[in-house]
């Protein structure tokens, strides 16, 4: 399903090892999702978006969003005809959602919502 641009789950322990250089001391990956070549990491401290750029994907942008910067978020579950779930995240100072991601039906969007609720609602 990654070929269609939809996110799917990757093992948090694998993501922890693969992205260890990005993580702070003691920071733990709670959940991770792959979107074609890009990765979305939910850690216990922040949301990290890994954006591979260009044809080869050698150039990579790492976008870190501390949970305290997230003002609110919305999830839309998959339906009978619309098989994808959607996540929208608003960052402080922006009237429109800054981050928008689509997840396949196989991803538990409630898990994503629970992680965000745990860290954003502090």
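In the working numbering, the protein residues as written are 1 to 122.
Ideal placement from N, C-alpha and C gives every residue a C-beta, glycine not left out.
Source: prediction; values computed, not measured.
Residues that DSSP places opposite residue i in a beta bridge
i          : result
residue 13 : For residue 13, which the question treats as bridged, DSSP gives no partner whatsoever.
residue 88 : 74 and 100
residue 46 : 66
residue 8  : 34
residue 59 : 53
Alpha helix (DSSP H) segment containing residue i, residue limits
i           : result
residue 111 : 109 to 120
Straight-line Cα distance separating residue j from residue i
i          : j           : result
residue 45 : residue 66  : 7 Å
residue 79 : residue 87  : 14 Å
residue 63 : residue 48  : 6 Å
residue 75 : residue 113 : 7 Å
residue 28 : residue 122 : 18 Å
residue 30 : residue 95  : 28 Å
residue 57 : residue 50  : 11 Å
Endpoints, beta strand (DSSP E) assigned at residue i
i          : result
residue 31 : 29 to 35
Of the listed residues the options, nearest to residue i (C-alpha basis)
i          : options        : result
residue 38 : 108, 55 and 25 : 55
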